[in-house]
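Here my numbering is used: the first residue of the sequence shown is -13, the next is one more, and so on.
Where a beta carbon is used, it is the ideal one built from N, C-alpha and C, also for glycine.
Contents: one structure, followed by commentary.
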Amino acid sequence: MRRKVLLIGLLIVGLWFGAQSAQRPAKALALADEMPRGALLYAQFSNWPEALRAWQSSALKSRYEQSLNYQQLWERHLLNKLHERWQEFNAAAGVEFNADLWATLAGERAALAIYDFRRLELVWLAPMNNAQQAACALLKEQGNFEERETADGVTYFIQSVAADNGREGQAIAFALVKDRFVLATSERWLVRTLATMRKPASKDALSAEPKFAALRASLTPHFVTVWTDQERLNQDYYFRHYWLMDNLSELKHLRAGLFDLEMQAGRWIERREFLTDGRLPVATALPREAWARAAAFIPADAPYVSARAGADETLVRDLRDALFSRLDAPPSAQRVQQAGWRWRRYRDYEEYGVREREWGAEEDGSEYGSLDYRYNETIDDPEDADEGYDTAQLAALRSGSENKFAEGARRALQAAQPQMQVRVQRVRSLNAPLLPLLADFQHGVIVSLANPSGFDSTAWEAALIELGASRLMIAGARPALTWRSTQQGQQARELALPWLGRSLRYVMRGSELLVTDSAELMQDCLAHKGAAWSPQANANEFTVIRLSERASAFDRVFAKLDAPQVKKYWQERRGKDYTGKEASQEFFSGNLASLLDVAAPVREITVQRQVTKDRVREVVSLRMTQ
């Protein structure tokens, strides 16, 4: 998780570029007609030099370069290897590919295609007029390159690169053909690009790739538009290991993606269009009347809200996940049950601290390239190796109770016809003298019912007892759980779960069923009078993240949780000079908090999602502080 979240800084940079949009829509990805097929990723910019110059002088760049995330990013193997590889290209070219040089490599529009992440095989294509060609720094360095010709007689310039400390034979090459400048880190891809340029939109062009053609007209290009071959990315080692999110299983149904960034008054808009394999379940749109009713119960200080229209199965899963942290059995439990997994079966090395071969590792017939930080933590841990207890048996016991909950919840809600569910989450830092690190994580679900009179409260209460029993610390034991009435709201019902230090509450208000694991959250839901958002008419899902609530939802909680480690870190390094005022170097209170500082102008993020037969459409809106 850490190595992936450390790269979020790069995402912030990309989002910032969207804010610099010149608002002049480019012709729909026209440069893809001149790029060869085979790209993993294609990006087209409407005004590359303008954005790059603005970035260099921006306050955001200054904040990010001072952040702990940026500092720790440079301690990671991946970024240093990328930097080392690019320095090898600089040395071979005899010039430094810095921001000033990159600003001269395009007139306005420009396109980048990446064909191989490990070898950094990419192609840069940009139209240039005569004045821009005269200002291009790289064209002035032709004397440092060998001059060659393609079979069609097109001249290009190339310099060999002994990349990866001499292990990889690569090249840096460029050409100027009429008003097109082409730069590539592979002679093969440069020659293919020059051939494609001679016959634009031919069958060898990227635009002729069916997955590209299917999405090309889906979005209107603004400042930057990016296309990805998601099917191939899902199989790419570097994407799988360094992708920011731990959601690879959710990407398996995506064939390709198209992303566009635009700046509007007071907010950034990112639009996403995905081509799918047609196997994703198609959900109904969020009912607008139900949303208006449910939104009235959302507390104004809730940092996370997520609404979803869907079937009973989705609702049951959301209820389980919202009211109880997802304490699923570890992945290895499945292997115990299905394949007799044991830690000595070293083929499962990846989960237990051994990475596949990275750049610079010797090939010795083994995929053991290096051991990461988890090795010492897991190599001698019998529990981690599934030898300390029978994980399959524990998983089966929990699964039995959860299945009973699912069956009971479906019975309770079936006649009530649930239309939509809204998840609400927030966290409270507790100032308890005896428990200074304690934080109260509060969860709630608001269920909109088309026929509230059909709600079966008896079956509902029995189902929640089963769900509570599944979280009992002593597997297989049956606690004595009973519901009682409270005076909160309109005669709310409460189920105490003393071994978890919480209770479940629910109440019916008109057509809405409110369920929480916190009396305080229930009170605030009943007292609130409306939310300020309205999802698009065709959205299946709607999510709101309030970064304006980070002080209560993040900063104070993780400052307390990380305090002992922060103190230990600085005492080991400063000894008697330790003052207690030193900045945190920990992941949450230091690294991730520094990214939130960088993104301080972002007040709120909303995500709207629509799933159709073969498409997924998403709109991400980042509202800025005024």
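- Listed as beta-bridge partners of V602 by DSSP are F260, V597.
- Judged by their CB atoms, Q216 and L244 are not nearer to each other than the 8 Å cut-off.
- Straight-line measurement puts the Cα of D600 at about 11 Å from the Cα of A200.
- Excluding residues up to 5 positions away in sequence, P35, L38, R39 lie with their Cβ nearer than 7 Å to the Cβ of A89 in the same chain.
- Residue range 274 to 281 is occupied by the alpha helix (DSSP H) that includes E275.
- For N526, the closest C-alpha among the options D263, M114, A271, R559 is that of A271.
- Counting only unbroken stretches of 3 or more residues, the beta strand (DSSP E) elements lying wholly within the region 126 to 188 are 132 to 135, 141 to 149, 154 to 163, 166 to 170, in sequence order.
- The three-state secondary structure of D304, taken from DSSP, is helix.
- If you draw a straight line from the Cα of G561 to the Cα of S575, it comes to about 22 Å.
- Take the alpha-carbon of L247 and the one of D563: they are about 48 Å apart.
- Cβ-Cβ distances below 6 Å link L106 to R71, T171 in the same chain, with the five nearest sequence neighbours on each side left out; the list follows chain order.
- Judged by DSSP in its simplified three-state form, M508 adopts helix.
- In this chain, the beta strand (DSSP E) harbouring I531 covers 527 to 532.
- Collapsing the DSSP output to three states places T472 in coil.
- Here D510 is buried, its C-beta having at least 16 other C-beta atoms within 10 Å.
- Considering only A482, F441, G440, the residue with the shortest C-alpha distance to L453 is A482.
- At least 8 Å separates the beta-carbon of I284 from that of A478.
- Between I144 and R134 a beta carbon distance of about 6 Å is seen, short of the 8 Å cut, so the two are scored as contacting.
- Per DSSP, the unbroken beta strand (DSSP E) holding E480 starts and ends at 479 to 483.
- Per DSSP, the beta-bridge partners of M406 are A295, S434.
- By the beta-carbon neighbour count (other beta carbons within 10 angstroms, threshold 16), N577 is buried.
- The straight-line gap separating the alpha-carbon atoms of G93 and A29 is approximately 16 Å.
- Just measuring C-alpha positions, the residue of G394, Q405, F544, V408 sitting nearest L450 is G394.
- Between the region 11 to 27 and the region 542 to 549, the count of Cβ pairs shorter than 8 Å is below three; the stretches do not touch.
- In the structure shown, Y492 adopts extended strand secondary structure according to DSSP, grouped into three states.
- Within the model, the alpha-carbon separation for V433 versus S204 is close to 34 Å.
- Around the Cβ of Y223, a 10 Å sphere holds fewer than 16 other Cβ atoms; the residue is exposed.
- V268 carries a coil assignment under DSSP once its states are collapsed to helix, strand and coil.
- Going by beta carbons, L111 and V168 fall inside the 8 Å limit.
- As computed with DSSP, I284 is found in no beta bridge at all.
- In the DSSP annotation of this structure, the continuous segment of the beta strand (DSSP E) that includes A96 starts and ends at 96 to 102.
- Here the C-alpha atom of S48 lies approximately 33 Å from the C-alpha atom of V147.
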